[in-house]
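A quick write-up on the structure given underneath.
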Amino acid sequence: MINPPSTQPDSPERKVELDQTVDYAVQILVEEAHLVGWTRVEFLTAILDAANARLSAIEEERELEAGSN
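Residue 1020 is where the sequence shown starts when you use the numbering used here, and the numbers rise one by one after that.
Shown next, in the form of structure tokens:
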């Protein structure tokens, strides 16, 4: 479903490629969820909540790693 990047990390096109990839993946997830009974808004809200929780967990891991060095 998700292809690897075709551009280098410092390439300006990389952000565009990533945005397109994420948009496509989210569209698929939202439509699949909608077909089984979730509203698009509640599902997208849940995606935002999950993404924020994952970002918080990553930040906590970084802080723990920095503290142990």
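Note that beta-carbon positions come from the ideal geometry of N, C-alpha and C, so glycine has one too.
Cβ atoms of residue 1066 and residue 1041 stay farther apart than 8 Å, at about 10 Å.
Between the alpha carbons of residue 1060 and residue 1088 lies a gap of roughly 42 Å.
Secondary structure remark: continuous alpha helix (DSSP H) runs of at least 4 residues inside the segment 1039 to 1081: none found. The Cβ-Cβ distance between residue 1049 and residue 1037 does not fall below 8 Å. For the pair residue 1024 and residue 1033, the CB atoms are nearer than the 8 Å cut-off.
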